[in-house]
Each structure stands twice: as structure tokens, then as C-alpha cells.
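Sequential numbering from -2 applies to the sequence shown in the numbering used here.
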Amino acid sequence: MAQNKRKESIIKLLSLLILAIIAVLILIYVLPELPVEPPEPGPLPAETDSIRIYSFNIQIFGASKIAKTEVVEILTDIVSGADLIAIQEVRSATIDPVEQFMALLPAHYDYVLGPREGRTNSKEQYWIIYDTNKLQVLAQETWADPQDLFERNPLAVYFKTTGNFDFIVINNHIQPSSARTEISVLPEVIAYYQELWNESDVLVMGDFNADGSYFNESTLADIFPDHAYQIVITNDFDTTVAAGDNTYDRFIITATAREDYTENCGVIRFDEIYDFSQKQILPRNVSDHYPIWAEFSLYNDTD
Ligand SMILES: [Ca+2]
Ligand SMILES: [Ca+2]
Ligand SMILES: [Ca+2]
Ligand SMILES: [Ca+2]
-2 MAQNKRKESI IKLLSLLILA IIAVLILIYV LPELPVEPPE PGPLPAETDS IRIYSFNIQI
58 FGASKIAKTE VVEILTDIVS GADLIAIQEV RSATIDPVEQ FMALLPAHYD YVLGPREGRT
118 NSKEQYWIIY DTNKLQVLAQ ETWADPQDLF ERNPLAVYFK TTGNFDFIVI NNHIQPSSAR
178 TEISVLPEVI AYYQELWNES DVLVMGDFNA DGSYFNESTL ADIFPDHAYQ IVITNDFDTT
238 VAAGDNTYDR FIITATARED YTENCGVIRF DEIYDFSQKQ ILPRNVSDHY PIWAEFSLYN
298 DTD
């Protein structure tokens, strides 16, 4: 009997020992392999192996806007969160407001400013601000618009990054009253710059006025079909500060940029990010549009 009991306790001890060894092995080999939940994607800060590209209709940027300190504080904060931001609606007879704003940004930001565009006295310029620590301009051109279809001819800029990602940005402010005509020409503009610069990745963005009474948004995918493009800012986003729900602002990429796109995108709700109850200004004094953004890997490009 006593011998049986000793046998039992030895078996128990051995089982415990084996369990302990298995537990240690699990700790050493299995746990480190378990996937860690990725952090919630948010607009800030960008990963170091990726870049955040914004588009923003800044609404009548000129001497009056640069004089509003609280507005400028929010604008510089938004722009500082971007690696590249394509801005629409610079309206100024002089370059002074642009230079004053640039002087408020960290010194490693530089910019491209397009010519004054528009058929009437009200002229607008496209403005692209970018982080020179990550990006370099290879070429730039304003679309010549041979058939005079655009109120404001799109601005195309060819960028290369510190990674292998190189791409073309096309910045647009589509005229609301001829939204369908102008948007329909964009694939032709895209194809032209793809050939000119031998670069297939094109990011087309801006205030397209592609919703509401100006444009039937359900037809956007007919102009930018899925096999050739990805509409990143889809019809369900609200890009307007006003109470209505409209996707006026758009971010569309060519198919070859899918490999570069990290699937992170969004709208920057500055009316929720900043505490306007402590300010003398309202969100609509900043702009009537929210900035939109999408994130791209610096190292996945194959073309
Ligand atoms: Ca490329
Ligand atoms: Ca919509
Ligand atoms: Ca809205
Ligand atoms: Ca690519």
C-alpha cells in the first residue's frame, strides 16, 4: 500500500513538472508570436515608414484670413500634421499671406504655388505644402486645358519620397456649376501626366464639389471605375462644416497606388478636435470644408 502511495505521489510530481515545463515553453515560444492589437488609426501622428497626405479647401486664404490669429493657430496646427497638403482657394493679389503662413511653419516645410486661375476677376491659386525631410519635387506643371474646360486648370506635381514611393499629385478645385464636365476630364489629365513623367501612381484630390445639387455622387464610379481607380474618400464621408452631409472633397488614387495606400484615411473634424468654446472664432471661420487625408507607405512601391 505504502509503495503504491509513493508511486502515486511520484507520478503527481512528474505530472506537475511536465506541466510546468510546458507552461515555460509556451511563455518562451508561443506568446511572443501572438498578434498585438494595432493602435486605433487616427490622423496623428504619422508612422515613420508612411506619409499622411491631406487635401483642404482652406476657403478664401488671403490678407483677411492670415490676420485672424486664432484661425491661423488652427491652420498651422493642421498643416503641421501633414507630410503633404494640397490646398485650394488661395485668393490674394500678392504672395504675402502665403509667405507669412510659411514663416509660421517649421523650417523643413516648403511649397509649390500654382498660377492665379479663373475666368473672372476672382482668381485662385493651388498651394501644395510638403515636408522636405520626406519629400522632394521632381517636376510641376499646370494643365494646359486645350479645350478650355476648367475654370481653374488643375496643378500637377511629381514627388519622390525618402522611401521608394514616387507619385503625382493633381490638385483641383472643380467649378460647382460645371462639376460633371470638369470631373469627367480628370481621367484624361491623369493619363497625360502618367505618360509625361512615366509614373503610374497618381493621387487626384481637392474640392470636387462632387455631391449635393452640383453632382450626382452615385455616378462618380462611372468616371473612376474600380479596375483603374480607388475612390478613397467615398460617398459616405461628410466633408462640410455646415450641418448638411456632403462629400464635396475627394481623394482618388490610380490602381497602381493601391499597393502604397495603407487603407487609413479620413476627415479631420477640427470642430471636434479644438475647443471652440474657449475661442472668439467659430469652426466656419477656419473653413467651410474639413481637410481630408489618406496614408501611404514609403516602401511598398513597385512602379
Ligand atoms: Ca510610383
Ligand atoms: Ca455623400
Ligand atoms: Ca457637414
Ligand atoms: Ca505604386
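Heads up, the beta-carbon is just placed ideally off N, CA and C, and yes, glycines get one too. Predicted model, so just to flag it, every value in this text is computed and none were measured.
Rounded straight-line distance, which links the Cα of Y51 to that of Y127: Position 130 of the sequence shown holds residue 127. Position 54 of the sequence shown holds residue 51. Straight-line Cα distance between these residues: approximately 10 Å.
8 Å Cβ cutoff, I249 in contact with chain D: In the structure shown, chain D cannot be found, because there is only a single protein chain.
DSSP three-state assignment for Q275, whether helix, strand or coil: The residue given as residue 275 occupies position 278 in the sequence shown. The answer is helix: DSSP assigns Q275 an H, G or I state.
Cα-Cα separation between R247 and I165, rounded to whole angstroms: Taking the sequence shown and counting its residues from 1, the one referred to as residue 247 is at position 250. Taking the sequence shown and counting its residues from 1, the one referred to as residue 165 is at position 168. Looking at the two C-alpha atoms, the distance is approximately 16 Å.
Cβ neighbour criterion (16 or more within 10 Å) applied to Q122: Position 125 of the sequence shown, counted from the first residue, corresponds to residue 122. It counts as buried.
Same chain, Cβ closer than 7 Å to P35, neighbours up to 5 away in sequence not counted: Locating residue 35 in the sequence shown gives position 38, counting from the first residue. Note that P35 has pLDDT 49, beneath the 50 cutoff, so the model's placement of it is unreliable and the number below is only indicative. Excluding residues within five positions, none has a Cβ falling inside 7 Å.
Same chain only: Cβ atoms within 8 Å of D142, ignoring 5 sequence neighbours per side: Within the sequence shown, residue 142 is the residue found at index 145, counting from 1. Only N150 meet the Cβ criterion.
E37 versus D145 - alpha carbon distance: Counted from its first residue, the sequence shown places residue 37 at position 40. Counted from its first residue, the sequence shown places residue 145 at position 148. Here E37 scores only 48 on pLDDT, less than 50, and its place in the model is too uncertain to base an answer on.
N-terminal and C-terminal residue of the alpha helix (DSSP H) that W290 is part of: As a working mapping, residue 290 is identified with position 293 in the sequence shown. Per DSSP, W290 belongs to no alpha helix (DSSP H); it is in the beta strand (DSSP E), 289 to 294.
Any non-hydrogen atom of ligand 1 within 7 Å of F164 CB: Taking the first residue of the sequence shown as position 1, residue 164 is located at position 167. Yes, Cβ of F164 sits closer than 7 Å to a heavy atom of ligand 1.
Distance cut-off 7 Å: A207 Cβ against heavy atoms of ligand 3: On the sequence shown, residue 207 is found 210 positions in, with the first residue counted as 1. A207: no, Cβ never under 7 Å from ligand 3.
For K131, the first and last residue of its enclosing beta strand (DSSP E): What you label residue 131 is simply residue 134 of the sequence shown in a count that begins at 1. No beta strand (DSSP E) holds K131; DSSP gives it neither H nor E.
Proximity winner among A79, Y106, D80, E86, relative to K62 (alpha-carbon distances): Counted from its first residue, the sequence shown places residue 62 at position 65. The residue with the shortest Cα to Cα distance from K62 is E86.
Presumed contact (8 Å Cβ cut-off) between V182 and Y190, rounded CB distance: One-based indexing of the sequence shown puts residue 182 at position 185. One-based indexing of the sequence shown puts residue 190 at position 193. Contact doesn't hold; Cβ gap of about 13 Å is too wide.
Endpoints, alpha helix (DSSP H) assigned at Y211: Residue numbering aside, residue 211 sits at position 214 when the sequence shown is read from its first letter. No alpha helix (DSSP H) holds Y211; DSSP gives it neither H nor E.
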